[in-house]
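Asks:
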Amino acid sequence: MRVLRAGALSLRWEPRAAVVCGVLAAAAIGAAVLVVGSGEFPISPPDVVRAVLGQGDRATGFIVTALRLPRAVTGLLAGLALGLSGAIFQSISRNPLGSPDLIGFTTGSATGALLQILVFGGGAAAITAGSVAGAVLTALAVYLVAYRRGGGVHGVRLVLIGVAAAAMLEALNSYLITRADLREAYEAAFWLTGSLNGRDWDQAVPLALALAVLLPAALLLARPLGMGELGDDAAQALGVPVQRTRALFIAAGVGLAAAATAAAGPVPFVALAAPQLARRLTRRPGPQLLPAALTGAALLACGDLISLHLPVAVPVGVVTGVLGGVYLAWLLSTTGRKGTT
Amino acid sequence: MTRLRAEDLTLAYEKRVVAERLGVQIPDGSFTVIVGPNACGKSTLLRALARLLRPREGTVYLDGDPIGALAPKRLARRLGLLPQSPLTPEGITVGDLVARGRYPHQSLLRQWSREDEAAVTEAMEAVGVTGLADRVVDELSGGQRQRVRLALVLAQRTGILLLDEPTTYLDIAHQIEVLDLCARLHEEGRTLVAVLHDLNHACRYATHLIAMRGGEVLAEGPPAEIVTAELVERVFGLPCRVIADPETATPLIVPAGRRRTLTAENL
Amino acid sequence: MPPPRPPARGGRGSHRLRLALLAAALLATVVGSLAIGAGHVPLGRVLSGVFSPDGGSRAELIVHELRLPRTLLGIAVGMALGLAGAVMQALTRNPLAEPGLLGVNGGAALAVVLVIAATRADDVLVCVWAAFAGAAGAAALVYLIGARGRGGAAPARLVLAGAAVNAVSSALTAGVMLLTPHTFGGFRFWQVGSLGGREMPVLLRVLPFIAAGTVLALLLARPLNALGMGDDAGRALGSRPGRTRVLGAAAVVLLCGSATAAAGPIAFLGLAVPFIVRTAVGPDQRLVLPYSLLLAPVLLLGADIIGRVSAPGELETGIVTAFLGAPLFAVMVRRGRTRDL
Numbered sequence: 272m273r274v275l276r277a278g279a280l281s282l283r284w285e286p287r288a289a290v291v292c293g294v295l296a297a298a299a300i301g302a303a304v305l306v307v308g309s310g311e312f313p314i315s316p317p318d319v320v321r322a323v324l325g326q327g328d329r330a331t332g333f334i335v336t337a338l339r340l341p342r343a344v345t346g347l348l349a350g351l352a353l354g355l356s357g358a359i360f361q362s363i364s365r366n367p368l369g370s371p372d373l374i375g376f377t378t379g380s381a382t383g384a385l386l387q388i389l390v391f392g393g394g395a396a397a398i399t400a401g402s403v404a405g406a407v408l409t410a411l412a413v414y415l416v417a418y419r420r421g422g423g424v425h426g427v428r429l430v431l432i433g434v435a436a437a438a439m440l441e442a443l444n445s446y447l448i449t450r451a452d453l454r455e456a457y458e459a460a461f462w463l464t465g466s467l468n469g470r471d472w473d474q475a476v477p478l479a480l481a482l483a484v485l486l487p488a489a490l491l492l493a494r495p496l497g498m499g500e501l502g503d504d505a506a507q508a509l510g511v512p513v514q515r516t517r518a519l520f521i522a523a524g525v526g527l528a529a530a531a532t533a534a535a536g537p538v539p540f541v542a543l544a545a546p547q548l549a550r551r552l553t554r555r556p557g558p559q560l561l562p563a564a565l566t567g568a569a570l571l572a573c574g575d576l577i578s579l580h581l582p583v584a585v586p587v588g589v590v591t592g593v594l595g596g597v598y599l600a601w602l603l604s605t606t607g608r609k610g611t612t
Numbered sequence: 375m376t377r378l379r380a381e382d383l384t385l386a387y388e389k390r391v392v393a394e395r396l397g398v399q400i401p402d403g404s405f406t407v408i409v410g411p412n413a414c415g416k417s418t419l420l421r422a423l424a425r426l427l428r429p430r431e432g433t434v435y436l437d438g439d440p441i442g443a444l445a446p447k448r449l450a451r452r453l454g455l456l457p458q459s460p461l462t463p464e465g466i467t468v469g470d471l472v473a474r475g476r477y478p479h480q481s482l483l484r485q486w487s488r489e490d491e492a493a494v495t496e497a498m499e500a501v502g503v504t505g506l507a508d509r510v511v512d513e514l515s516g517g518q519r520q521r522v523r524l525a526l527v528l529a530q531r532t533g534i535l536l537l538d539e540p541t542t543y544l545d546i547a548h549q550i551e552v553l554d555l556c557a558r559l560h561e562e563g564r565t566l567v568a569v570l571h572d573l574n575h576a577c578r579y580a581t582h583l584i585a586m587r588g589g590e591v592l593a594e595g596p597p598a599e600i601v602t603a604e605l606v607e608r609v610f611g612l613p614c615r616v617i618a619d620p621e622t623a624t625p626l627i628v629p630a631g632r633r634r635t636l637t638a639e640n641l
Numbered sequence: 004m005p006p007p008r009p010p011a012r013g014g015r016g017s018h019r020l021r022l023a024l025l026a027a028a029l030l031a032t033v034v035g036s037l038a039i040g041a042g043h044v045p046l047g048r049v050l051s052g053v054f055s056p057d058g059g060s061r062a063e064l065i066v067h068e069l070r071l072p073r074t075l076l077g078i079a080v081g082m083a084l085g086l087a088g089a090v091m092q093a094l095t096r097n098p099l100a101e102p103g104l105l106g107v108n109g110g111a112a113l114a115v116v117l118v119i120a121a122t123r124a125d126d127v128l129v130c131v132w133a134a135f136a137g138a139a140g141a142a143a144l145v146y147l148i149g150a151r152g153r154g155g156a157a158p159a160r161l162v163l164a165g166a167a168v169n170a171v172s173s174a175l176t177a178g179v180m181l182l183t184p185h186t187f188g189g190f191r192f193w194q195v196g197s198l199g200g201r202e203m204p205v206l207l208r209v210l211p212f213i214a215a216g217t218v219l220a221l222l223l224a225r226p227l228n229a230l231g232m233g234d235d236a237g238r239a240l241g242s243r244p245g246r247t248r249v250l251g252a253a254a255v256v257l258l259c260g261s262a263t264a265a266a267g268p269i270a271f272l273g274l275a276v277p278f279i280v281r282t283a284v285g286p287d288q289r290l291v292l293p294y295s296l297l298l299a300p301v302l303l304l305g306a307d308i309i310g311r312v313s314a315p316g317e318l319e320t321g322i323v324t325a326f327l328g329a330p331l332f333a334v335m336v337r338r339g340r341t342r343d344l
């Protein structure tokens, strides 16, 4: 730990965490540049950078900024949002499985989108709106059911109620898919896997706005969030408004998960794996919000890059699922130390 | 005038009322110990004093202000609490954990002042865990962990410390170690309020004893003045004798024998 | 904590009564399952339909050919899932543990998709073997990953390993499904668990496995009790946690592998039943296991009956169980004391 002090001002920072963040950001951006360069018409990384800066020839510039950049940017932003959201929920629930995938918010988001795709036949904007509404309504319902007068919302209770909601919505999603006609159901299943295909600025911009508000807010409030891991009583005795912090972070976490899902579909495993990976990389206790967000972005960008270079075209969700799962399994089997599981 | 007092408290969880119209005053500079049988409301009272439980009726006052009206951090700068079963974040080191006690003194632009550093160093020295600073808390023994927990509360630098059963799960040597530490903290001028299970420990270390049963305070005062065989019988329903502790001359409770002692006479 | 003692005599008697009542409830649901459905069958015809169908009457044919296999399958699958859930929660000391979480459903689904994709046929009997192999493979993998490293298979590691394997297999499932659209057509129906449309051979094929798993699980009640107090305390009481875990995992694989193979993934039963039972009878596995064994088929058949009468086109059993189980579960979470979870 290093401290910068000037008069009454004092700021602390962790060299290792800073280096990790730098490397992760570089990896994420590097992968995104390669993603933009990939396709039927390959573009070299320097040309990609020139085109993004508006200095290349016009054809390349068009391909990059209009066709491929939105996809890469959506991937980066969705990764940031999912990683951050996962870190928030794992800290609140004090459970490595307390990620938005598991406690129903992503599932609810998918339900909203499926209803748009299969029942109302809405377009891209309607799907976005549906998935955000689905996530927010699910989160609201879960929070209200988990809320108890006097005791507020307890981490474990929130996870359990969320798991219940997830199971119910999962069933609803399957029901919708079995009742739809085959072609539409196929489209819905594709969406449910999580994909960055054909994303344009319409998806990237709302996600960027959500992140612009929620990411700094979450980082500024990170300290009380981490204090919650001492237990409700201890945190409260140290002057942390536990219930208010929790409610704020749940709102932020849901917003992030909803925005990411709306843009990229329920990309699996990023929210679950990114915080765990970030903690092992930084070797710091507590919620590592920025490292987790950057890990998410790197995971998703690398996943997208791989999906583009596979011999068969699969959506990015397939790749992140396999990648994240294999990596977590590898971590589990190599780090046997108590306290790191 | 006492810094911490409670008036007319009615304490309840959901529908279960634990205590009604309860009033206590914590004498300044005292080592107050609350004793009583299981479920008598002693931990509940401590939680109310720490504002972890909002009383259904009545008010807890700190320095004359109702504690409900104090900003959380402001309260935490004056009053510290060691909860009964705190959690430990995974993989946290002793130094990092103790540093968390500085939270109420910190802000976004004042993340780690020299005072923070001094308070943490001092707290770790006070409980003798300085050498463990870089160890992971999960790997420590129960006694060491409890000392680290105390260091966290000490780093908070509050004049009043509330301790909820600080000796549970510790062996006898570690219990005495923790209590001796508390006595030293008290001698240094802090006001301590502890919930203890062991009546003899309470008598030995407390300067002010509060005996509770069924949500009521049955007696309070210095142990030497109030602890009698009748009181113990009334509070715990335990027939006993009270003798002078051969070490400290404080009251020592000897439960009445249910079995005849084996002596040469009755053999 | 004192070692488990046999319950007092009075307690045992009241449990006998309660178990008898539960058995009676099971019998009632069985009769209901045979008598209720789209085609009207007079109550008098039900018995003759079961035991001596003359082949001429349509009502008797419905009972014998459709409802009897369905009911028997419901009993077997229900028992298997309830018991598997109870064993798994005891093994992992985690009330969130569910067959689905240990990778079993994911593995089964992947195998089914692969078989459908490869053979271009969705023969139910082929799927049974595939699902079974997939479930067993996934569970074994979870165990291998979770048990590696120091400290053996600690609960949290197992659950995390399960999440990892699940993520990989569901990602691969999605990949295979999206690459071979013909698979998707059959798979989307398998994906919603259902008791309907299965014939007698399906049940006969999985029955030996369910029977073996049931016996094994019931024999494990005592060692599981010891395990519930933590590895060290259990060892001090003379149990062998390692062996209990291996045998318990084997029982779980046999039970949920066959249940999932026969009926597809049925949501929530394995999670909710042991939870409900523990709330009612306490943590003693010698009570939890038999109660779960009897309660689960009552709920599953009940859900199946509701599915038959609630919608014109029949709701799949898995959807009904999720919609009934989830709210019930939420209510119990709210009532329960969170620290017991």
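Taken in sequence, the protein lines are chains G, U and D. Start counting the first sequence at 272; every next residue gets the next number (the working numbering). Start counting the second sequence at 375; every next residue gets the next number (the working numbering). Start counting the third sequence at 4; every next residue gets the next number (the working numbering). Ideal placement from N, C-alpha and C gives every residue a C-beta, glycine not left out.
Using a beta-carbon distance below 7 Å, is F192 (chain D) in contact with chain G?
Replies: Your numbering for residue 192 (chain D) matches position 189 in the third sequence. Chain G contact via Cβ: present.
Asks: List the whole-angstrom C-beta distance separating A352 (chain G) from L478 (chain G), where the pair is believed to meet the contact cut-off of C-beta under 8 Å.
Replies: Translated into positions along the first sequence, residue 352 (chain G) becomes position 81. Translated into positions along the first sequence, residue 478 (chain G) becomes position 207. Right, their Cβ atoms sit about 7 Å apart.
Asks: Can you give me the C-alpha to C-alpha distance between R558 (chain U) and N574 (chain U), rounded to a whole angstrom?
Replies: Counting from 1 along the second sequence, the entry for residue 558 (chain U) is found at position 184. Counting from 1 along the second sequence, the entry for residue 574 (chain U) is found at position 200. When rounded, the distance between both Cα atoms is 18 Å.
Asks: Is it the case that the Cβ atoms of V255 (chain D) and M82 (chain D) are separated by a distance below 7 Å?
Replies: Walking along the third sequence from the start, residue 255 (chain D) turns up at place 252. Walking along the third sequence from the start, residue 82 (chain D) turns up at place 79. No, the pair does not count as a contact, with Cβ atoms beyond the cut-off.
Asks: When you compare the stretch 463-481 of chain G with the stretch 518-537 of chain G, are there three or more beta-carbon pairs, one atom per stretch, that lie closer than 8 Å?
Replies: Result yes; three or more Cβ-Cβ pairs closer than 8 Å.
Asks: Let me know if R287 (chain G) comes out buried or exposed under the rule of 16 or more other beta-carbons within 10 Å of its beta-carbon.
Replies: By 1-based counting over the first sequence, the position of residue 287 (chain G) is 16. R287 (chain G) is exposed by the Cβ-count criterion.
Asks: Rounded to the nearest angstrom, what separates T612 (chain G) and G588 (chain G) at their Cα positions?
Replies: Counting from 1 along the first sequence, the entry for residue 612 (chain G) is found at position 341. Counting from 1 along the first sequence, the entry for residue 588 (chain G) is found at position 317. Unreliable positioning characterises T612 (chain G) in this predicted model, as indicated by a pLDDT of 33, which lies under 50. The coordinate reading is nonetheless provided below. Their Cα atoms are separated by approximately 25 Å.
Asks: What does a CB cutoff of less than 6 Å around R321 (chain G) pick up in its chain, not counting 5 residues either side in sequence?
Replies: Counting from one through the first sequence, the residue named residue 321 (chain G) turns up at place 50. Closer than 6 Å at Cβ, skipping near neighbours: G327.
Asks: Check the Cβ-Cβ distances between A533 (chain G) and every residue of chain D, and say whether any is below 7 Å.
Replies: Position 262 of the first sequence, counting from 1, holds the residue named residue 533 (chain G). Cβ-Cβ to chain D under 7 Å: no for A533 (chain G).
Asks: Chain G partners of Q485 (chain U), CB-CB under 7 Å?
Replies: The residue given as residue 485 (chain U) occupies position 111 in the second sequence. The answer, in chain order, is S281, L282, R283.
Asks: On the premise that L436 (chain U) lies in contact with R452 (chain U), defined as a C-beta separation below 8 Å, what is that separation, rounded to the nearest angstrom?
Replies: Locating residue 452 (chain U) in the second sequence gives position 78, where the first residue counts as 1. Locating residue 436 (chain U) in the second sequence gives position 62, where the first residue counts as 1. The pair is a contact, with the Cβ atoms about 6 Å apart (cut-off 8 Å).
Asks: Could you list the residues in the stretch 599-612 of chain U with a C-beta less than 8 Å from some C-beta on chain G, going in chain order?
Replies: Within the stretch 599-612 of chain U, no residue has a Cβ that lies closer than 8 Å to any Cβ of chain G.
Asks: Write down every uninterrupted run of the alpha helix (DSSP H) in the stretch 408-493 of chain U whose length is 4 residues or greater and which is fully enclosed by it, in chain order.
Replies: Qualifying alpha helix (DSSP H) stretches, in chain order: 416-423, 446-452, 468-473.
Asks: Who are the neighbours of R419 (chain G) on chain D, taking C-beta pairs under 8 Å?
Replies: Within the first sequence, numbered from 1, the residue matching residue 419 (chain G) stands at position 148. Within 8 Å Cβ-Cβ: R337.
Asks: Kindly indicate which residue of G:G465, G:A481, G:F333, G:T516 has the alpha-carbon position closest to the one of T377 (chain G).
Replies: Along the first sequence, read from residue 1 onward, the residue named residue 377 (chain G) stands at position 106. Of G:G465, G:A481, G:F333, G:T516, the residue nearest in Cα terms is G:G465.
Asks: May I ask you to check if the CB of L527 (chain G) is nearer than 6 Å to at least one heavy atom of the ligand SAM?
Replies: Absence of the ligand SAM from the depicted structure is noted, as is the absence of any ligand whatsoever, leaving it without description.
Asks: If you follow the alpha helix (DSSP H) that V53 (chain D) is in, where does it begin and where does it stop?
Replies: Within the third sequence, the letter at position 50 stands for residue 53 (chain D). Per DSSP, V53 (chain D) belongs to the alpha helix (DSSP H) from 46-54.
Asks: Using a threshold of 7 Å, state whether the C-beta atoms of L274 (chain D) and G88 (chain D) are closer than that.
Replies: Here residue 274 (chain D) is taken as the residue at index 271 of the third sequence, counted from 1. Here residue 88 (chain D) is taken as the residue at index 85 of the third sequence, counted from 1. Yes. Within cutoff.
Asks: Name the two residues that bound the continuous alpha helix (DSSP H) containing L509 (chain G).
Replies: Within the first sequence, residue 509 (chain G) is the residue found at index 238, counting from 1. First-last for L509 (chain G): undefined, no H or E at that position.
Asks: Considering only DSSP beta bridges, list what L344 (chain U) is partnered with.
Replies: This structure cannot settle anything about residue 344 (chain U), because the visible part of chain U is limited to 375 through 641.
Asks: Determine the closest residue to P244 (chain D) out of D:L223, D:S173, D:V334, with distance taken between C-alpha atoms.
Replies: For the purposes of this step, residue 244 (chain D) is identified with residue 241 of the third sequence, where counting begins at 1. P244 (chain D) has its Cα closest to that of D:L223, out of D:L223, D:S173, D:V334.
Asks: Throw me the rounded Cβ distance for the F190 (chain D) and I119 (chain D) pair, which I believe falls under 8 Å.
Replies: Within the third sequence, residue 190 (chain D) is the residue found at index 187, counting from 1. Within the third sequence, residue 119 (chain D) is the residue found at index 116, counting from 1. Confirmed, about 6 Å.
Asks: Taking 8 Å as the limit between beta carbons, can you name the residues of its chain near E285 (chain G), skipping five residues before and five after?
Replies: Position 14 of the first sequence, counted from the first residue, corresponds to residue 285 (chain G). The answer, listed in chain order, is M272, R273, T553, R555.
Asks: Measuring CA to CA, which of D:P286, D:A252, D:E319, D:R337 is closest to E101 (chain D)?
Replies: Along the third sequence, one-based indexing puts residue 101 (chain D) at 98. Closest by alpha carbon: D:A252.
Asks: Give me the chain D residues within the contact set of G592 (chain G), using Cβ-Cβ distance strictly less than 7 Å, ordered along the chain.
Replies: For the purposes of this step, residue 592 (chain G) is taken as the residue at position 321 of the first sequence. The answer, in chain order, is A170, V171, S173, A174.
Asks: According to the Cβ coordinates, are A549 (chain G) and P562 (chain G) closer than 7 Å?
Replies: To locate residue 549 (chain G), count along the first sequence from 1; it is residue 278. To locate residue 562 (chain G), count along the first sequence from 1; it is residue 291. Yes, Cβ-Cβ distance for A549 (chain G) and P562 (chain G) is below 7 Å.
Asks: Along the chain, where does the beta strand (DSSP E) containing R470 (chain G) start, and where does it finish?
Replies: Your numbering for residue 470 (chain G) matches position 199 in the first sequence. No beta strand (DSSP E) contains R470 (chain G), which DSSP labels as neither H nor E.
Asks: Per DSSP, what kind of secondary structure is D512 (chain U) in: helix, strand or coil?
Replies: Counting from one through the second sequence, the residue named residue 512 (chain U) turns up at place 138. Helix.
Asks: Please list, in chain order, the chain G residues whose beta carbon lies closer than 7 Å to that of A180 (chain D).
Replies: Reading the third sequence from its first residue, position 177 is the one you call residue 180 (chain D). What sits at residue 180 (chain D) in the sequence shown is Met, not Ala. Near M180 (chain D) (Cβ distances below 7 Å), the residues of chain G are A460.
Asks: Does DSSP put R377 (chain U) in a helix, in a strand, or in coil?
Replies: Counting from 1 along the second sequence, the entry for residue 377 (chain U) is found at position 3. Of the three classes helix, strand and coil, the one that applies to R377 (chain U) here is coil, per DSSP.
Asks: For P175 (chain D), which residues in the same chain have their Cβ closer than 6 Å to its Cβ, ignoring the five residues on either side in sequence?
Replies: Numbered from 1 along the third sequence, position 172 holds the residue referred to as residue 175 (chain D). According to the sequence displayed, residue 175 (chain D) carries Leu and not Pro. For L175 (chain D), where only same-chain residues beyond five positions count, the Cβ hits under 6 Å are L113.
Asks: Counting only beta-carbon atoms, is L561 (chain G) nearer than 7 Å to chain U?
Replies: Residue numbering aside, residue 561 (chain G) sits at position 290 when the first sequence is read from its first letter. Taking Cβ atoms only, chain U never reaches closer than 7 Å to L561 (chain G), which makes this a no.
Asks: Can you tell me whether F135 (chain D) is helix, strand or coil according to DSSP?
Replies: Looking up residue 135 (chain D) in the third sequence gives position 132. Three-state result, F135 (chain D): helix.
Asks: Residue ranges of each alpha helix (DSSP H) run of no fewer than 4 residues wholly in the stretch 514-580 of chain G, ordered along the chain?
Replies: Taking only runs of at least 4 residues, the alpha helix (DSSP H) segments lying wholly in the stretch 514-580 of chain G are 541-553, 560-580.
Asks: Quick check: the Cα distance between G346 (chain G) and A133 (chain D), rounded to an integer number of angstroms?
Replies: As a first step, residue 346 (chain G) is located in the first sequence; it is residue number 75 there, counting from the start. As a first step, residue 133 (chain D) is located in the third sequence; it is residue number 130 there, counting from the start. Computed Cα separation, rounded: 35 Å.
Asks: Would DSSP call I119 (chain D) helix, strand or coil?
Replies: As a working note, residue 119 (chain D) is residue 116 in the third sequence. DSSP places I119 (chain D) in helix when its eight states are reduced to three.
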